[in-house]
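Residue numbers (this note's numbering): 108 to 156. Ideal Cβ placement from N, Cα and C applies to all residues, glycine included. Remarks on the structure that follows.
Written as structure tokens, this is what we have:
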């Protein structure tokens with residue numbers, strides 16, 4: 108199932124009661140392409156403890 112269908116709302120997904128996610132397939136990047144990520148929640152001093 109595409110991720111667009113899996114994530115239905117903030118904190119909600121398309122799994123039915125008793126179902127678990129067992130596999131996640133991420134396609135490889137094409138040649139001469141790049142990738143990046145954004146950190147949305149900065150770490151504070153309590154996260155390290």
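Please report the residue range of the beta strand (DSSP E) in which residue 114 lies.
In the chain shown, the residue the question calls residue 114 occupies position 7. Per DSSP, residue 114 belongs to the beta strand (DSSP E) from 114-116.
Through-space distance from residue 139 to residue 127, alpha-carbon basis:
If you number the chain shown from 1, residue 127 lands on position 20. If you number the chain shown from 1, residue 139 lands on position 32. Whole-angstrom Cα-Cα distance: 35 Å.
Who are the near neighbours of residue 115 in its chain, counting only those whose CB is closer than 7 Å to its CB and skipping five residues on each side?
Locating residue 115 in the chain shown gives position 8, counting from the first residue. Correct list, in chain order: 121.
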